[in-house]
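To start, the structure under review is shown below, and the notes come after it.
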Amino acid sequence: MSKRTIIGPALPNIPWEDKPSDCKEVIWRFSQNPIIPRDLLPNSNSIFNSAVVPFEGKFAGVFRCDDKRREMRIHAGFSDDGINWKIDEKPIQFIKESEDLGDFEYAYDPRVCFIEDRYYVTWCNGYHGPTIGLAYTFDFKEFHQIDNITMPYNRNGVLFPRKINGKYALLSRPSDTGHTPFGDIFYSESPDLVYWGKHRHVMGTRGWWQSTKIGAGPTPIETTEGWLVFYHGVLTSCNGYVYHFGAAILDLEQPWKVLYRTEPYLMAPRTQYECVGDVPNVVFPCAALADSETGRIAVYYGAADTVTGVAYTQVDELIDFIKNNSKL
Ligand code: BMA
């Protein structure tokens with residue numbers, strides 16, 4: 004039993020592995036990582052930065068599969084256990100609500116968020132530069148694309164799983180057209196998922212591992228302590244960007260207010276599959292499963308822009324860690 008309640012359904016079949024007895028970290032890698040190899044599909048160059056959710060007693064997800072042309076696409080996938088995945092060979096073909104949404108350019112870094120009665124997908128969508136695309140699905144077979152939820156340029160959009168003060172809510176990170184050497188997290192709200200406003204600054208870069216840019220990761224997890232948000236933080240080394248992730252807790256009703264934020268990272272690229280690949284030294288979380296009964300959390304992250312891994316943590320221990328290592 005968890006003492007700090009995750010507010011949400013129980014997920015008895017959440018993937019899990021106990022912390023190794025010699026592990027000193029608050030979050031630990033699955034011993035069978037990476038769970039998705041780069042060549043799972045005949046034409047995939049890499050499968051990473053992907054989003055999974057509970058679905059019909061099992062699991063479904065949207066996966067970033069860059070193909071052998073190095074075109075960035077997102078594909079639907081299904082799994083009985085959250086670890087072994089069957090990913091559709093064909094990318095998602097969106098049913099566009101309007102032809103004015105433009106021709107498909109590229110799609111990457113998806114998130115999936117269940118709100119009310121359906122699954123919403125956000126992703127970095129090419130539309131005269133990167134912006135945040137939005138689609139919904141009921142079955143992970145048909146995806147209906149609606150209007151982009153930000154103006155270009157923005158490459159990191161994460162919805163909250165319920166309305167807050169009667170409005171849909173979003174964390175995003177305004178950026179530029181390239182690899183963006185800056186970036187803070189902002190909050191926006193919407194009555195209908197189309198019109199967005201009340202843009203509020205949530206948090207910015209700060210020293211060391213989060214000094215170049217930060218960006219929201221998985222769909223925020225509601226807890227009795229506030230919204231638990233994993234976010235990536237980037238530093239610029241002499242060899243380029245290094246991607247870590249940490250966590251913050253945001254106020255439940257005013258999520259632009261940060262209650263706690265980790266000064267040290269939770270995870271840095273360390274293993275071979277995180278340090279060697281198409282883009283070395285990247286851990287990039289895009290999804291988390293949570294079981295309100297046990298407090299178990301499984302974080303899905305892209306490793307070295309090449310493969311997908313899972314890491315586990317327990318909400319009580321994690322929240323203690325965040326509070327004891329917080330600097331605002
Ligand atoms: C970001 C995005 C991610 C990628 C990361 C590291 O800007 O492009 O998809 O994982 O860079 O290359």
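The sequence shown runs 4 to 331 under my numbering. Heads up, the beta-carbon is just placed ideally off N, CA and C, and yes, glycines get one too.
Cα separation between Arg67 and Lys330? The residue labelled residue 67 in the question sits at position 64 within the sequence shown. The residue labelled residue 330 in the question sits at position 327 within the sequence shown. Going by the C-alpha atoms only, they are around 33 Å apart.
With C-beta atoms as the reference, is Ile118 less than 8 Å away from Ser295? What you label residue 118 is simply residue 115 of the sequence shown in a count that begins at 1. What you label residue 295 is simply residue 292 of the sequence shown in a count that begins at 1. No, they are not a contact pair.
According to DSSP, what are the bridge partners of Val285? Walking along the sequence shown from the start, residue 285 turns up at place 282. Tyr246.
How close, in whole Å, do the beta carbons of Tyr1 and Ala251 come, if the pair is a contact with beta carbons under 8 Å? For the chain, the structure presents residues 4 to 331; residue 1 sits outside this window and is missing.
Alpha carbon to alpha carbon, what distance is there between Phe97 and Gly60? Along the sequence shown, read from residue 1 onward, the residue named residue 60 stands at position 57. Along the sequence shown, read from residue 1 onward, the residue named residue 97 stands at position 94. One C-alpha to the other measures close to 25 Å.
At the level of alpha carbons, what is the spacing between Glu277 and Phe185? Translated into the one-based positions of the sequence shown, residue 277 becomes position 274. Translated into the one-based positions of the sequence shown, residue 185 becomes position 182. In a straight line, the C-alpha of Glu277 is about 23 Å away from that of Phe185.
Which of the three DSSP states, helix, strand or coil, is assigned to Val310? Locating residue 310 in the sequence shown gives position 307, counting from the first residue. Of the three classes helix, strand and coil, the one that applies to Val310 here is strand, per DSSP.
For Gln148 and Leu104, which I take to be in contact (beta-carbon distance under 8 Å), what is that distance rounded to the nearest angstrom? If you number the sequence shown from 1, residue 148 lands on position 145. If you number the sequence shown from 1, residue 104 lands on position 101. About 6 Å separates the two Cβ atoms, so the contact holds.
Residues near Phe324 in its chain [Cβ-Cβ closer than 6 Å; skip 5 each side]: In the sequence shown, the residue the question calls residue 324 occupies position 321. Excluding sequence neighbours, Phe324 sits near Val29.
Is it right to say Gly146 is buried, meaning 16 or more other beta carbons lie within 10 angstroms of its own, or is it exposed? Translated into the one-based positions of the sequence shown, residue 146 becomes position 143. Looking at the sequence shown, residue 146 is not Gly but Phe. By the neighbour-count rule (16 or more Cβ atoms within 10 Å), Phe146 is buried.
For Arg114, the nearest candidate out of Asn87, Phe189 and Leu174 (CA to CA): The sequence position of residue 114 within the sequence shown is 111, counting from 1. Arg114 has its Cα closest to that of Leu174, out of Asn87, Phe189 and Leu174.
Where does the unbroken beta strand (DSSP E) through Val318 begin, and where does it stop? In the sequence shown, residue 318 corresponds to position 315, counting from 1. From DSSP, Val318 is part of no beta strand (DSSP E) but of the alpha helix (DSSP H) over Val318 to Asn327.
Between the CA atoms of Ile188 and Met206 - distance to the nearest angstrom: For the purposes of this step, residue 206 is taken as the residue at position 203 of the sequence shown. For the purposes of this step, residue 188 is taken as the residue at position 185 of the sequence shown. Cα-Cα distance, rounded: 5 Å.
Considering just the uninterrupted stretch of the beta strand (DSSP E) at Gln148, what are its terminal residues? Working through the sequence shown from its first residue, we reach residue 148 at position 145. Here the beta strand (DSSP E) through Gln148 covers His147 to Ile149.
Quick one: what does DSSP say Tyr234 is sitting in, helix, strand or coil? Counting from 1 along the sequence shown, the entry for residue 234 is found at position 231. It is a strand residue.
In the structure shown, what three-state DSSP assignment does Trp31 receive? Here residue 31 is taken as the residue at index 28 of the sequence shown, counted from 1. DSSP places Trp31 in strand when its eight states are reduced to three.
Nearest-angstrom Cα separation, counted from Arg72 out to Pro223: As a first step, residue 223 is located in the sequence shown; it is residue number 220 there, counting from the start. As a first step, residue 72 is located in the sequence shown; it is residue number 69 there, counting from the start. Approximately 33 Å between the Cα atoms of the pair.
Name, in chain order, the residues that DSSP records as bridge partners for Asp69. Your numbering for residue 69 matches position 66 in the sequence shown. Note: Asp69 sits in a beta bridge opposite Ser49 and Met75.
Just grab the DSSP bridge partners of Asn128 for me. Position 125 of the sequence shown, counted from the start, is the residue given in the question as residue 128. BP columns for Asn128 point to Ala110 and Thr134.
Distance between Arg41 and Asp281 (C-alpha atoms, nearest Å): As a first step, residue 281 must be located in the sequence shown, where it is residue number 278. As a first step, residue 41 must be located in the sequence shown, where it is residue number 38. Looking at the two C-alpha atoms, the distance is approximately 10 Å.
Would you report the Cα separation of Leu162 and Pro45, rounded to the nearest angstrom? To locate residue 162, count along the sequence shown from 1; it is residue 159. To locate residue 45, count along the sequence shown from 1; it is residue 42. Straight-line Cα distance between these residues: approximately 32 Å.
Nearest neighbour of Lys170, chosen from Asp142, Glu102 and Glu256 [CA to CA]: The sequence position of residue 170 within the sequence shown is 167, counting from 1. Comparing Cα-Cα distances from Lys170 to each of Asp142, Glu102 and Glu256, the minimum goes to Glu256.
Out of curiosity, what's the CA-to-CA distance linking Ile39 and Leu321? In the sequence shown, residue 39 corresponds to position 36, counting from 1. In the sequence shown, residue 321 corresponds to position 318, counting from 1. Their Cα atoms are separated by approximately 26 Å.
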